[in-house]
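Heads up, the thing below is written out as structure tokens.
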Amino acid sequence: MAHLPSPHRLVVCFLVAIGLVVATSTAEEAQPPRLSLRELAAVGAQAPGCAPGTTGQTIGDAPRLDAAGNVSWAVTLRDPDGGFAQALYRWLGGPAELVFQSGDPAPGNSAPFTLFPYAPQTPLINGGGLTFAANIEDPEVVSRDGLWSDRFGGFERLLLTGDHLPGMPAGTELAGFSASIRGDLVLARASFAEGSSLPRANEGLWRNRTGPWELVMIRGMRAPGLDGAVFDADPTSAYGPLFFHTARGDGSVLAQAWVRGRGIDGNNDEALWIETGSGLQMLVREGARAGGKGKTTFGPASSTPTFGADGENLAPAINDLGWVVFGAILRSGKTRWNSVWAKRGGSLELVARGGLPLSGYGEGDPAPGLPAGATFAAFDGSALNQDGTFAFQGWADEHGNFFALTEAIWWDAPGTLALVAAAGRPVPGASGAAYGELTLEGLTGEDVLHFTASLTGSGVTWANDVALLRATPDGTVALLLREGDVVEVLDGAGRSTLRTVASFTFGPGVVTAGRAAARVTFTDGSGGVYLIDPFL
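Per my numbering, the sequence shown runs over residues 4 to 539.
What follows is the structure, encoded as structure tokens:
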């Protein structure tokens with residue numbers, strides 16, 4: 004099947020190319036600054052906590068912002084002799100703090116840090132505490148990857164490749180991992196090796212609340228509610244048993260996983276599992292009737308997942324109440340649909356069905372906010388807040404042409420499903436401009452949605468074709484920041500200058516309590532990590 008267009012992702016380089024057009028001071032002074040930015044780290048400047056002459060060269064990924072307004076980021080350093088290293092920083096309201104850099108001894112075994120494998124990904128931050136992955140130079144095995152955190156005070160090592168985690172079969176050891184956090188709690192999705200063999204299906208999910216790791220799910224573990232079944236690889240053996248997972252604030256997971264066993268085949272071997280006080284339970288299973296009646300079922304889909312994360316449907320999302328939103332493939336006979344579902348304290352509810360203009364797909368539901376005849380086609384990113392408000396990004400079919408689908412964002416904050424923005428439609432606050440590609444960035448607890456957009460149309464050039472916008476439940480969409488905007492920048496010494504924005508990238512969540520952290524470059528070649536406060 005042809006691939007859907009991927010949503011636009013901002014890629015930022017902090018070494019601005021020679022020849023970049025620089026706005027004159029006259030032009031800057033002619034425009035009132037839209038925002039005020041506080042500089043936390045400047046590219047090319049002396050790196051705080053490092054030897055004299057060591058400068059920050061590039062910021063890795065976008066900075067992260069926690070609920071308390073603390074910021075974390077990763078940076079590449081250059082010393083006076085031309086050598087390079089990596090470093091982790093955080094800002095807790097005062098001067099920027101160097102946490103670790105390459106060559107520092109790693110807590111737990113004193114071997115030196117060599118690389119931070121998540122770099123350029125930013126260290127995870129909560130309450131000012133950091134959780135990060137790093138590579139150490141271990142004299143016994145050359146190098147090993149590990150996970151460190153100071154969530155309870157001083158830094159401690161949480162795991163290291165070669166460890167044996169609870170539930171792993173005898174004789175196996177940790178081979179690789181990825182981590183996420185929920186408050187002070189850490190989740191690790193990890194693979195395990197059998198000697199020199201590393202089957203793709205050798206995978207599990209673990210949780211760390213206060214120190215010891217506890218098993219959530221692993222290949223070969225009994226699948227609750229299915230007599231004789233165990234978690235295992237998907238039918239193609241490309242994944243398994245876990246395809247996607249997320250978690251509530253208390254660490255209880257929502258997982259998309261496969262099983263095998265008696266009475267299980269390619270038509271019913273996938274399910275969404277939700278963790279409750281009594282353990283994992285099936286939320287919905289492949290092959291089950293959609294809505295509990297009729298001939299329409301969830302899947303099956305032998306070559307792609309039934310429940311989301313396949314490029315046509317939403318990955319599952321969950322809030323702290325245990326309410327969920329997810330995408331699914333539906334089938335009735337030989338007809339297929341993409342779909343969005345929600346469960347918010349009651350029974351499952353069908354939100355939308357989408358049909359691509361291709362053979363084998365049924366007609367999608369009408370797409371709100373678009374002209375009569377426009378229908379949902381496919382779905383991508385989603386967001387769900389603690390009140391149960393959700394938003395999702397997707398494509399609509401306006402023209403009956405697979406290669407001319409309309410990208411758009413919808414949400415239910417007004418009470419009923421409504422359009423937020425759609426490609427080709429006018430951009431508020433940007434005369435003559437229209438939306439191009441869209442990216443859903445975040446949904447706050449106050450039902451404020453943020454998204455980025457590429458712009459097209461009259462007056463749009465490479466220097467002003469990306470913008471960040473905000474939507475509120477009353478239907479208002481406001482432009483917050485655009486390439487080419489003049490902003491006030493306050494540096495570490497408190498000096499104020501006007502600069503023109505060349506590019507920007509916001510980290511996960513975008514805005515916390517009116518505050519935002521961003522990686523920004525300016526047309527004069529400067530750039531770094533900036534805090535925007537307030538950003539209401």
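Note that beta-carbon positions come from the ideal geometry of N, C-alpha and C, so glycine has one too. What you are looking at is a predicted structure, and each value in this text was computed from that prediction instead of being measured.
{"Check": "With 7 Å set as the bound, which would you pick, yes or no: does the beta-carbon of ILE277 sit closer than that to a beta-carbon of chain B?", "Outcome": "In the displayed structure, chain B is absent; only one protein chain is listed."}
{"Check": "Just to confirm before moving on: does the CB-CB distance between PHE158 and PRO215 stay below 7 Å?", "Outcome": "no"}
{"Check": "Between the alpha carbons of PRO202 and VAL480, how many angstroms are there, rounded?", "Outcome": "49 Å"}
{"Check": "Closer than 8 Å is the cut-off here; do at least three beta carbon pairs connect the segment 215-234 with the segment 249-266?", "Outcome": "yes"}
{"Check": "Check for me: the beta strand (DSSP E) holding HIS402 runs from which residue to which?", "Outcome": "That residue, HIS402, is in no beta strand (DSSP E); it is neither H nor E in DSSP."}
{"Check": "Mapping the DSSP letters down to three states, classify PHE158 as helix, strand or coil.", "Outcome": "coil"}
{"Check": "Could you name the residues of the same chain whose beta carbon sits closer than 6 Å to that of ALA45, not counting the 5 residues immediately before and after it, in chain order?", "Outcome": "GLY531"}
{"Check": "Return helix, strand or coil for GLY531, following the three-state DSSP convention.", "Outcome": "strand"}
{"Check": "Use the C-beta contact count for ALA519: other C-beta atoms within 10 angstroms, 16 or more gives buried, fewer gives exposed.", "Outcome": "buried"}
{"Check": "I'd like the list of long-range same chain contacts for SER335, defined as Cβ closer than 8 Å, with 5 residues on each side in sequence excluded.", "Outcome": "GLY297, LYS298, THR299, THR300 and GLY365"}
{"Check": "Below 7 Å between beta carbons: does that hold for GLY132 and ASP107?", "Outcome": "no"}
{"Check": "For PRO244, which residues in the same chain have their Cβ closer than 6 Å to its Cβ, ignoring the five residues on either side in sequence?", "Outcome": "ARG222, PHE234, ASP235, ALA260 and TRP261"}
{"Check": "Quick check: ASP323 and ARG251, are their CB atoms within less than 7 Å of each other?", "Outcome": "yes"}
{"Check": "Should ASP84 go down as buried or exposed, given a rule of 16 or more other Cβ atoms within 10 Å for buried?", "Outcome": "exposed"}
{"Check": "Examine the Cβ distances between the segment 336-349 and the segment 398-412 and report whether three or more of them are shorter than 8 Å.", "Outcome": "no"}
{"Check": "Where ASN271 and GLY179 are concerned, what is the direct C-alpha to C-alpha distance, given to the nearest angstrom?", "Outcome": "29 Å"}
{"Check": "How big is the Cα-Cα spacing for LYS346 and VAL328?", "Outcome": "7 Å"}
{"Check": "So for GLY282, helix, strand or coil by DSSP?", "Outcome": "strand"}
{"Check": "Go ahead and pull the three-state DSSP assignment for PHE119.", "Outcome": "coil"}
{"Check": "If I'm right that LEU91 touches ALA50 with Cβ under 8 Å, what's the distance once you round it to whole angstroms?", "Outcome": "With 8 Å as the limit, LEU91 and ALA50 do not qualify as a contact, their Cβ atoms being about 12 Å apart."}
{"Check": "My guess is that GLY186 and ASN129 are in contact by the Cβ rule of under 8 Å, so how many angstroms apart are they, rounded?", "Outcome": "6 Å"}
{"Check": "Cβ atoms of ARG522 and ILE62: under 7 Å apart, would you say?", "Outcome": "yes"}
{"Check": "At what residues does the beta strand (DSSP E) containing GLU449 begin and finish?", "Outcome": "Premise fails: GLU449 is in no beta strand (DSSP E) and is neither H nor E."}
{"Check": "Within the segment 470-510, note down every full beta strand (DSSP E) run reaching 3 residues or more, in order along the chain.", "Outcome": "480-485 and 489-493"}
{"Check": "If you follow the beta strand (DSSP E) that ILE184 is part of, which residue opens it and which one closes it?", "Outcome": "175-185"}
{"Check": "Which residues does DSSP pair with LEU458 in a beta bridge?", "Outcome": "TYR438"}
{"Check": "What residue ranges within the segment 278-339 form continuous beta strand (DSSP E) runs of no fewer than 3 residues, ordered along the chain?", "Outcome": "282-288 and 327-335"}
{"Check": "In the structure shown, what three-state DSSP assignment does PHE538 receive?", "Outcome": "coil"}
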